[in-house]
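The next block holds one structure in the form of structure tokens; read it before the comments.
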Amino acid sequence: MAKKVTTIGIDLGTTTSCVAGYYMGELKVIDNRDGDHITPSVVCFDKDGGQPVVGSNAILAATSAPENFVYEVKRMFGKGFHSDEVINARKYWPFHLKEIKTTGKAMDKTATDNIGIAVKEKGKERVYEPVQVSAYVLNYLFESAKQRLGTSPSFVAITVPAYFNEGAKQRTLDAAKIAFSGKLMRTTTLSMLRLYFWLSQLQLL
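Read in order, the letters of the sequence shown are residues 1 to 205 in the UniProt record's numbering.
This is the structure we're talking about:
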């Protein structure tokens with residue numbers, strides 16, 4: 001018997017995210033592992049080096065490790081460490097950013113995608129790139145859908161804001177490759193456009 005092909009769509013938002021697909025015969029939002037429609041796009045890294053937590057549980061965990069609570073990473077996609085937007089945002093973010101050298105790019109004030117997020121794990125500093133943090137959110141939503149559907153989704157489509165530049169679009173793709181390599185769907189078919197539209201109506205981020 002052929003394996004059933006399932007496709008899900010993920011709206012990776014700056015502040016909140018959600019996953020949708022055909023579930024129980026209907027196109028609907030799929031609850032995450034905590035039973036919620038909407039998942040905060042936040043990650044809290046365990047200071048003892050354990051598995052990072054995502055969403056509402058990350059918010060709870062942040063009380064004991066506020067410096068490891070990371071959010072709004074989508075704002076860093078395609079941006080440089082010295083960009084005005086990142087400089088202004090750093091004033092309010094509790095986590096620490098570091099300038100990192102990216103492949104083939106020098107560390108200068110015009111470089112992009114050179115932002116590292118420094119957290120403390122087991123008493124030592126560990127640096128993550130924004131795409132790695134977003135990958136945790138994407139993977140959480142993917143695994144939530146897998147649990148609800150009772151099968152691993154065959155393909156995943158991710159919404160990308162129209163205002164994103166090419167660098168930001170590529171960073172979204174990079175995060176998806178980390179989260180679920182080989183399952184990302186590039187399509188403009190009518191069924192997927194319907195899913196994109198439906199997700200955009202659900203969340204205006």
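Think of the CB as a built atom: it goes at the ideal place given N, C-alpha and C, for glycine as much as any other residue.
Here the structure is a predicted model, which means the values were calculated and not measured.
How is the alpha helix (DSSP H) around residue i delimited, first residue to last?
i    : result
V112 : The sequence as given places Thr at residue 112; Val does not occur at that position. Segment: none, T112 is in no alpha helix (DSSP H) and carries neither H nor E.
D174 : E166 to F180
A58  : S56 to A61
Kindly give me the distance between the Cβ atoms of residue i and residue j, rounded to whole angstroms, as I take these residues to be in contact under 8 Å.
i    : j    : result
V38  : V70  : According to the sequence provided, residue 38 is Ile. The question's Val does not apply to it. With a Cβ gap of about 18 Å, I38 and V70 do not count as contacting.
V42  : A58  : 5 Å
L12  : I158 : 6 Å
L149 : A179 : So it is not a contact: roughly 17 Å between Cβ atoms.
S56  : D36  : 7 Å
T112 : G167 : 6 Å
Tell me the DSSP bridge mates of residue i?
i    : result
R126 : V119
E85  : In the DSSP output, where bridge partners are listed per residue, E85 has none listed.
E99  : I115
F69  : C44
T39  : S17
V53  : C44
In the DSSP assignment, the beta strand (DSSP E) including residue i goes from what residue to what residue?
i    : result
I158 : F155 to I158
I10  : T7 to D11
Would you kindly check if the distance between the Cβ of residue j and the Cβ of residue i is under 8 Å?
i    : j    : result
T16  : S154 : no
P40  : E67  : no
A62  : R75  : no
V119 : I100 : no
T176 : V160 : It is worth fixing the name first, because residue 176 is Ala in this sequence and not Thr. No; because the gap between Cβ atoms is not below 8 Å, this pair is not in contact.
Y140 : V86  : no
G78  : T110 : no
S152 : V73  : no
E121 : K169 : no
Measuring only between beta-carbons, confirm whether residue i sits less than 8 Å from chain B.
i    : result
N165 : Of the chains in the structure shown, none is chain B; there is only one protein chain.
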